[in-house]
Every structure is written in structure tokens, then in C-alpha cells.
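A.B. asks: My numbering numbers the first residue of the sequence shown as 12 and each following residue consecutively.
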Amino acid sequence: MIQPQFSKPEDQQERNFKTLVFMCAVALSFTVLLLRFLQLQYTDYENNLKRAEENRIRKVNIKASRGYILDRNGIVLVRNRPSYQISLLGHRLKSNEERDSVFRRVMRITDSTGNRLLDSVATKYFFERSKWQKFKPQRLLEDASDAVIALFEERAEELPGIEILVESRRDYPFGSQGGHIFGYTSEISDKELEKPENSHYVMGDRIGKSGLEQSYEAEFRGENGFRFVEVNAYGREMGPVESMPFIKPVSGNALVTTIDWRLQQIAEESFPDSIRGAVVALNPQNGEIYAMVSRPQLDPNIFSMEKKEFHKQWARVALDSAGKPLNNRAITGTYPPASVFKLITSVAGLESNVITEHTKYKPCFGGYHFGNRYARCWRPAGHGVLNVVGALRESCDVFFYQAGLDIGSRRISAVARRFGLGTRLGLDISGEKNGLIIDEDWYRSRNRAWNQGEILNISIGQGALLVTPLQQTAMIGALAYGNGLYRPHLMKEIQSPNGTVLKKFEPEKIGDGIISESTRQIILKGLDEVVNAPHGTGRRAAVPGVRVGGKSGSAENPHGDKTHAWFAAVAPLDEPQIAVGVVMENAGGGGANAAPIVQKIIKGYFDAKNETLKN
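1) Residues in the same chain with beta-carbon distance under 6 Å from asparagine 312, minus the five sequence neighbours each way, listed in chain order, please.
2) Mark tyrosine 301 as exposed unless 16 or more other C-beta atoms lie within 10 angstroms of its C-beta, in which case mark it buried.
3) Could you check what DSSP says for glycine 600 in three-state terms: helix, strand or coil?
4) Find out if the Cβ-Cβ distance for the pair alanine 489, glycine 549 is shorter than 8 Å.
5) Quick one: using the 10 Å Cβ neighbour count with 16 as the cut-off for buried, is cysteine 35 buried or exposed?
6) Within the segment 368-416, note down every full alpha helix (DSSP H) run reaching 4 residues or more, in order along the chain.
7) Which whole-angstrom value is the C-beta distance of alanine 485 and leucine 584, which I expect to be below 8 Å?
8) Could you compute how far the alpha carbon of arginine 306 sits from the alpha carbon of arginine 387?
9) State the beta-bridge partners of glycine 236 as determined by DSSP.
10) Counting along the chain, where does the alpha helix (DSSP H) carrying tryptophan 577 start and finish?
11) At the level of alpha carbons, what is the spacing between leucine 447 and tyrosine 454?
12) Can you tell me whether DSSP reads methionine 303 as helix, strand or coil?
13) DSSP three-state label for serine 221, please.
14) Nearest-angstrom Cα distance between alanine 158 and asparagine 91?
15) Under the rule that 16 or more other beta-carbon atoms within 10 Å means buried, what is tryptophan 272, buried or exposed?
16) Which same chain residues, not among the five before or five after lysine 74, have their C-beta less than 8 Å away from its C-beta?
17) Can you tell me which residues form a DSSP beta bridge with histidine 500?
18) What three-state label does DSSP hand tyrosine 227 in the structure shown?
19) I need the boundaries of the beta strand (DSSP E) containing arginine 150, first residue and last residue.
20) For alanine 489, report the span of its alpha helix (DSSP H) as first-last.
21) Using 10 angstroms around the beta-carbon of methionine 341, count the other beta-carbons present and answer buried if the total reaches 16, otherwise exposed.
22) Taking only runs of the beta strand (DSSP E) that begin and end inside the segment 154-188, which ones reach a length of at least 3 residues, in chain order?
23) Near isoleucine 526, what residues of its chain come up, given a Cβ to Cβ distance below 7 Å and the 5 sequence neighbours on each side ignored?
24) Quick check on glutamine 506: does DSSP put it in helix, strand or coil?
25) Pick from Lys220, Glu224, Glu198 and Gln225: whose alpha carbon is nearest that of valine 213?
26) Pull up the CB-CB distance for lysine 536 and isoleucine 487, whole angstroms please, since I reckon it's below 8 Å.
27) Cutting at 7 Å between CB atoms, please list the residues of its own chain near leucine 513, excluding the five before and the five after it.
28) If we ignore side chains and look at the alpha-carbon of each, how far apart do leucine 538 and glutamine 276 end up?
29) Would leucine 330 count as contacting chain D if we go by Cβ distances under 8 Å?
30) Rounding to the nearest angstrom, what Cα-Cα distance links asparagine 445 and glutamine 483 in this structure?
31) Please classify methionine 12 as buried or exposed, where buried requires at least 16 other C-beta atoms within 10 Å of its C-beta.
32) If distances are taken between C-alpha atoms only, which option among Lys515, Asn468, Gly510 and Ala590 comes closest to proline 480?
33) Given that a residue counts as buried once 16 or more other Cβ atoms are within 10 Å of its Cβ, and exposed if not, what is glycine 615?
34) Please work out which residues of its chain come closer than 7 Å, Cβ to Cβ, to glutamine 225, disregarding the five sequence neighbours upstream and downstream, and give them in chain order.
35) In terms of residue numbering, what span does the alpha helix (DSSP H) encompassing valine 113 cover?
36) DSSP three-state label for methionine 12, please.
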């Protein structure tokens with residue numbers, strides 16, 4: 012028979028102790044849970060409610076539409092277009108495992124031909140970057156088509172963190188035409204964000220980088236708005252939250268330019284794509300610019316393209332070190348003014364009474380001896396004996412060699428500066444160059460020996476003299492108009508989004524540019540004969556029914572066999588309404604090559620004017 016065994020007192024005591032410990036642990040656990048429950052329900056209630064609301068409700072910024080750019084007649088030159096972006100929002104991914112899972116899923120999405128929609132290397136980079144840039148949208152695919160959008164939308168539940176965002180991008184409907192005037196926009200850089208004046212921008216915003224887009228950024232931008240939307244567990248928007256505020260964005264202002272788009276297109280189409288150079292057409296009575304062309308062309312639409320295509324197009328632009336298509340040659344190109352500068356020499360001589368309309372020098376037999384130097388005329392056979400009008404008409408170098416020596420460099424440079432040469436004119440887009448006007452004082456201020464023979468070069472617009480096409484055009488316009496030099500400008504007025512005129516840009520006189528009426532009439536006579544006389548060098552600029560006056564030039568070019576072709580003109584001569592300047596690099600004679608372009612622009616201007624009068 013088996014005898015029952017009794018626990019020893021020590022064993023019973025141990026069991027009781029373990030039971031007590033267990034019960035205490037259970038009680039402690041329940042106490043912790045209860046305290047945590049009380050904390051969540053009472054102490055942290057407001058904070059938890061806020062966090063829950065943030066998960067359920069999202070604040071969505073609404074970017075303002077950028078203002079349009081119009082020509083003087085209301086033609087829309089720059090507008091906006093919607094651009095759909097497939098983006099990754101890193102803060103929606105709860106773990107690295109979820110991030111890797113979403114990555115694998117998006118990489119399996121293909122188009123109708125079976126090709127992947129996303130580049131694996133670039134996409135992997137964006138997913139990694141989303142770990143530390145959690146609240147910045149990472150653009151996986153830009154400018155997505157409707158078909159691509161549909162592919163992602165139908166997989167939304169299995170792609171947390173993937174959002175389809177819509178942003179407004181600039182659209183330039185005329186492509187490269189006018190590209191240097193408008194400039195372009197692109198995403199704001201980190202360096203730009205650090206500037207105090209850009210404190211209202213955020214990463215991802217687009218900002219004007221050049222041209223009118225940059226100069227009038229504050230007018231274009233507008234004011235952003237925001238709204239609150241309810242989202243589900245997958246981050247998809249379910250609809251607006253009616254009880255929360257909705258702030259509508261305010262669109263940017265529209266800018267009405269002085270550009271006459273019909274004239275701009277004539278200038279664009281008249282200038283060969285294969286030649287570098289520039290065209291400027293303006294109103295000498297108020298400085299309004301009607302047209303401005305620079306070659307090579309620049310299509311600002313490339314800055315609104317998706318990244319892959321943008322980088323390809325940008326490489327083509329940036330690597331063109333010879334053409335430099337980013338440069339607006341109308342204001343950054345500096346060239347010797349060539350024989351167009353003979354107008355300045357003539358004015359300096361006439362205004363100082365050194366020469367008169369009847370002054371004649373030694374005849375031109377193809378060159379001029381000055382000391383040991385033999386300075387040639389452009390025409391080897393020579394021009395014979397001429398007065399100042401004849402010398403302008405046939406562009407005789409020998410006449411101006413002798414006149415320049417009598418007039419002196421100081422008088423010539425003073426007149427040049429009075430008419431805006433060698434200094435920025437204050438155009439309302441950035442990049443304008445000074446150019447260079449030299450004289451005896453300029454040499455000596457730099458401790459360089461002055462050679463009297465340098466006047467031979469100065470008097471005919473060669474040597475170290477440099478001007479921009481804008482300066483050359485403004486100069487001839489002011490000379491012919493005779494009532495001062497006006498600041499060239501591209502902006503006519505600023506309008507609110509509803510069309511209300513907020514600001515008008517008034518003409519601004521920046522130099523007296525006034526000469527005696529007798530001198531002006533002599534200059535006008537010379538300009539007239541250049542275009543309309545039998546031996547004039549600019550006959551190809553003549554327009555039937557319009558009295559056109561102009562001056563040709565061929566600037567020496569140390570970098571090529573051919574000279575730079577210049578032609579500048581005004582019309583009508585009795586009261587100039589338009590001045591046009593054209594420079595063509597390495598093109599040869601100005602009268603043969605640049606004058607026909609001027610002729611087309613002036614003809615187009617008056618054809619349009621006559622058509623308006625008929626209607």
C-alpha cells in the first residue's frame with residue numbers, strides 16, 4: 012500500500028511565494044495598462060485626437076496660376092498647362108519593409124508594349140531619398156499621360172505613398188520664337204531658398220530664371236491657397252472637409268508687353284537660323300520694343316519637360332560653347348559698331364562746327380596716308396571728293412579718317428555717350444552689357460600710350476569700340492527723332508487676373524540726345540541717300556511708299572574670314588515711328604545681307620498699320 016506523501020513546509024512556502032509574485036506581476040500589469048488607458052483617454056486626449064485628425068485630414072496647398080504674357084494687341088504669348096506627376100510621399104510609408112514592397116510593385120507596372128514605366132536606378136534613388144525627405148514629394152515620373160495615370164490609379168490601394176499630383180507648368184505656344192524675351196522658369200534651388208526675399212517659396216516651387224519671367228517674378232507669382240481633404244487608410248482623398256477653411260489661390264497678374272507679335276514673327280522668319288546675330292525693332296518716340304530676336308534660338312519649353320528629356324535638351328544647349336544659345340545677343344552681344352558709327356562722327360563734327368555740309372577733304376583714291384601708316388578704304392578704287400552727306404551715302408572711310416583727326420576723340424566719344432553707346436540703357440530684363448566707347452582720356456586713365464592714329468579706327472567705328480544691337484538701334488532712332496533718347500522697355504502694362512489695369516509704364520527719357528535742327532537735317536539727308544540714292548550702300552532696305560533712311564556697316568572680325576554685317580534704319584524719316592537694327596555675325600557686307608531683313612520688318616510694320624487704317 013502506497014503511503015501519501017506530504018509536502019515539506021519549505022516547498023509549500025516556495026509555492027506561495029511564486030503565486031504571490033505572479034499575482035503582483037498581474038496586478039502591476041493591469042495597473043500599468045489602467046494608467047496608460049487613463050493617460051490616453053484623459054491626459055493625452057487632445058494630442059491623440061489631433062494626431063488622429065491629421066491622419067484622417069490632410070492640408071493640401073493649392074498653387075496659384077502664374078500670370079500670362081501677352082503682346083500689345085492681346086495675343087497670348089506665354090500661358091500655363093497642367094502637368095501630372097507620379098510622386099512618392101515618404102511619410103506615408105510606415106517601415107522599410109513597406110517601402111521595399113511598394114518599390115517592387117511600382118517596378119512591375121508596364122505600358123501596353125510591356126516596357127517598364129519607371130527607370131529602376133532613378134526610382135530606387137527616390138525611394139531612398141524619401142527616408143530623410145519624408146514630406147517632400149519625390150517625382151518618380153513627370154508629365155504623365157492619361158493612360159499612365161489610369162494604370163497607377165487602379166493600383167492605388169496596393170501602392171501606399173504613391174500620389175498623383177498636379178502642378179502648373181509654363182507653356183510657350185510659339186516655341187523658340189521670342190524665347191530670349193520671355194526667359195524661362197525652373198525649380199527653385201537650395202541657394203535661392205536661402206535668400207530672405209524668397210522666404211515665401213518652398214522646395215519644389217518654380218521661379219523665373221531669366222528674361223521677363225525673372226524680372227517680373229513678383230507680378231507673375233500670385234498667392235497660393237489651401238484646402239483640407241479627408242483621406243482613407245491608403246492615403247487616397249475621399250473629399251473636402253466642409254467644416255474646415257478653404258482659401259482660394261489668387262492667380263498672378265498678366266503682363267502686356269510692348270511686343271508686336273506679328274512684327275516679331277516677321278523678324279524671326281527673316282533671320283536665317285544658320286547665322287548668329289540679333290534684331291531689335293523699337294519706337295524711338297517712347298522706347299517701346301516691338302521685336303527682339305537672338306540667334307541661335309532658345310526654346311524655353313525645354314525647361315518644362317520631364318527630367319530625362321530636359322537633361323538631353325539641356326546638354327545640347329549648355330555644350331554649345333560657340334553658339335551660346337542662352338545668351339540674348341540683342342543685349343549681351345558686343346560688336347564694333349562699324350560704319351554705322353560714322354553717324355556719330357558726323358554729328359560730333361557738325362555740332363562742334365569743325366565740319367559743315369560743304370566741307371570736303373582730300374579725294375579718296377582707295378586709302379589714306381597717315382605717317383607710316385596707309386589706312387585703306389573699303390572700296391579699292393576710291394570715292395573721289397565727297398562732302399559729309401556723300402561720305403555717309405557711300406560710306407567712304409577716307410573722308411572720316413580726315414574728319415576724325417580734325418574733330419578729335421573726346422568730341423566723338425562725348426556724342427556717342429550722349430546717344431546711349433557704351434552704357435547700359437536700363438532694359439527691363441537682365442543681362443544687358445555696357446559695351447565700350449574709348450578716347451584719349453580712356454587710354455591715359457589706364458596708363459596706356461595714346462596713339463593719334465587710333466582716331467582713324469574710332470572715326471569709322473572699328474578698333475576697340477563695342478556696342479550692343481539694342482544700343483545701336485536706340486542711337487539711330489534718337490538721332491533721327493531729334494527729341495531725346497528714351498529708355499528701351501518691354502513692358503506696356505500690368506493687368507490683374509480679371510483684366511483691370513494695375514500699372515502703365517510711361518516713357519522715360521534717359522538722355523537729351525538733342526542736336527541742332529540743321530545738324531539733324533544733314534544727318535537725315537545722309538540716311539535718306541544711303542537707302543534711296545543710286546550709289547547708296549543700303550538700297551536693299553528701301554520700302555515702296557515709305558521714306559526709309561539707314562546706315563550699313565561691316566565690322567572687322569578677328570575670329571573669321573567675313574565681317575559682321577550691320578544695318579540700322581528708321582522710318583519714316585520726317586517723323587520716325589520705328590527704328591530697326593540688325594547684326595549678322597560672319598555674314599559679310601551689311602548692305603547686302605542685313606538690309607533686306609530690315610526692309611521686311613519695316614514693310615511689315617507699315618503694312619499692318621495701313622491694314623488697321625482701312626478697317
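Backbone N, C-alpha and C define an ideal beta-carbon position, used for all residues, glycine too.
C.D. replies: This is what the structure gives:
1) Walking along the sequence shown from the start, residue 312 turns up at place 301. Excluding sequence neighbours, asparagine 312 sits near Tyr183.
2) Here residue 301 corresponds to residue number 290 of the sequence shown, with the count starting at 1. By the neighbour-count criterion, in which 16 or more other beta carbons inside 10 Å mark a residue as buried, tyrosine 301 falls on the buried side.
3) The residue given as residue 600 occupies position 589 in the sequence shown. DSSP places glycine 600 in coil when its eight states are reduced to three.
4) Position 478 of the sequence shown holds residue 489. Position 538 of the sequence shown holds residue 549. If you check the CB distance, alanine 489 and glycine 549 do not come in under 8 Å.
5) Residue numbering aside, residue 35 sits at position 24 when the sequence shown is read from its first letter. It is exposed - the Cβ of cysteine 35 has fewer than 16 other Cβ atoms within 10 Å.
6) The segment 368-416 contains these whole alpha helix (DSSP H) runs: 399-405.
7) The count along the sequence shown starts at 1 and reaches residue 485 at position 474. The count along the sequence shown starts at 1 and reaches residue 584 at position 573. Rounded to whole angstroms, the Cβ separation of alanine 485 and leucine 584 is 17 Å, and the two are not in contact under 8 Å.
8) Residue mapping note: residue 306 aligns to position 295 of the sequence shown, counting from 1. Residue mapping note: residue 387 aligns to position 376 of the sequence shown, counting from 1. Take the alpha-carbon of arginine 306 and the one of arginine 387: they are about 32 Å apart.
9) As a working mapping, residue 236 is identified with position 225 in the sequence shown. Paired residues: Ile73.
10) Here residue 577 refers to the residue found at position 566 when the sequence shown is read from its first residue. From DSSP, tryptophan 577 is part of no alpha helix (DSSP H) but of the beta strand (DSSP E) over 575-582.
11) Taking the first residue of the sequence shown as 1, we reach residue 447 at position 436. Taking the first residue of the sequence shown as 1, we reach residue 454 at position 443. Cα to Cα, leucine 447 sits roughly 12 Å from tyrosine 454.
12) What you label residue 303 is simply residue 292 of the sequence shown in a count that begins at 1. DSSP places methionine 303 within a strand segment (E or B) once states are collapsed to three.
13) As a position in the sequence shown, residue 221 is number 210, starting the count at 1. Note: serine 221 maps to coil in three-state DSSP.
14) On the sequence shown, position 147 is the one that residue 158 refers to. On the sequence shown, position 80 is the one that residue 91 refers to. About 22 Å.
15) Within the sequence shown, residue 272 is the residue found at index 261, counting from 1. That one is buried.
16) Counted from its first residue, the sequence shown places residue 74 at position 63. Within the same chain, lysine 74 has close Cβ partners Glu178, Ser179, Asp216, Asn235 and Pro260.
17) In the sequence shown, counting from the first residue as 1, residue 500 sits at position 489. When DSSP reads this structure, histidine 500 sits in a beta bridge with Glu299.
18) Position 216 of the sequence shown, counting from 1, holds the residue named residue 227. Three-state DSSP puts tyrosine 227 in coil, outside helix and strand.
19) Here residue 150 refers to the residue found at position 139 when the sequence shown is read from its first residue. Secondary structure note for arginine 150: its beta strand (DSSP E) is the uninterrupted segment 149-152.
20) Residue 489 sits at position 478 when you count from the first residue of the sequence shown. The continuous alpha helix (DSSP H) containing alanine 489 extends over residues 480-492.
21) The count along the sequence shown starts at 1 and reaches residue 341 at position 330. Residue 341 is actually alanine in this sequence, not methionine. Answer is buried; the Cβ neighbour count reaches 16.
22) Along the segment 154-188, the beta strand (DSSP E) occurs as fully enclosed runs of 3 or more residues at 173-182, listed in sequence order.
23) Locating residue 526 in the sequence shown gives position 515, where the first residue counts as 1. Excluding sequence neighbours, isoleucine 526 sits near Val358, Glu362 and Gly493.
24) In the sequence shown, residue 506 corresponds to position 495, counting from 1. Three-state DSSP puts glutamine 506 in a strand.
25) Here the question's residue 213 lines up with position 202 in the sequence shown. Distance check between valine 213 and each of Lys220, Glu224, Glu198 and Gln225 places Glu198 closest, using alpha-carbon atoms only.
26) To locate residue 536, count along the sequence shown from 1; it is residue 525. To locate residue 487, count along the sequence shown from 1; it is residue 476. The Cβ separation is near 15 Å, so there is no contact.
27) The sequence position of residue 513 within the sequence shown is 502, counting from 1. Asn264, Ile505, Gln506 and Ser507.
28) Residue 538 sits at position 527 when you count from the first residue of the sequence shown. Residue 276 sits at position 265 when you count from the first residue of the sequence shown. If you take the alpha carbons of leucine 538 and glutamine 276, they lie about 26 Å apart.
29) No chain D is part of this structure, which consists of one protein chain only.
30) The sequence position of residue 445 within the sequence shown is 434, counting from 1. The sequence position of residue 483 within the sequence shown is 472, counting from 1. Straight-line Cα distance between these residues: approximately 12 Å.
31) By 1-based counting over the sequence shown, the position of residue 12 is 1. Note that methionine 12 scores a pLDDT of 49, beneath 50, so its modelled location is shaky and nothing firm can be said.
32) Within the sequence shown, numbered from 1, the residue matching residue 480 stands at position 469. In terms of CA proximity to proline 480, Ala590 leads the group Lys515, Asn468, Gly510 and Ala590.
33) The sequence position of residue 615 within the sequence shown is 604, counting from 1. Result: buried.
34) Within the sequence shown, numbered from 1, the residue matching residue 225 stands at position 214. Excluding residues up to 5 positions away in sequence, Gly194, Gly219 and Ser441 lie with their Cβ nearer than 7 Å to the Cβ of glutamine 225 in the same chain.
35) The residue labelled residue 113 in the question sits at position 102 within the sequence shown. Secondary structure note for valine 113: its alpha helix (DSSP H) is the uninterrupted segment 107-118.
36) For the purposes of this step, residue 12 is identified with residue 1 of the sequence shown, where counting begins at 1. Note that methionine 12 scores a pLDDT of 49, beneath 50, so its modelled location is shaky; the value from the coordinates is reported in the next line. In this structure, methionine 12 counts as coil in the three-state DSSP scheme.
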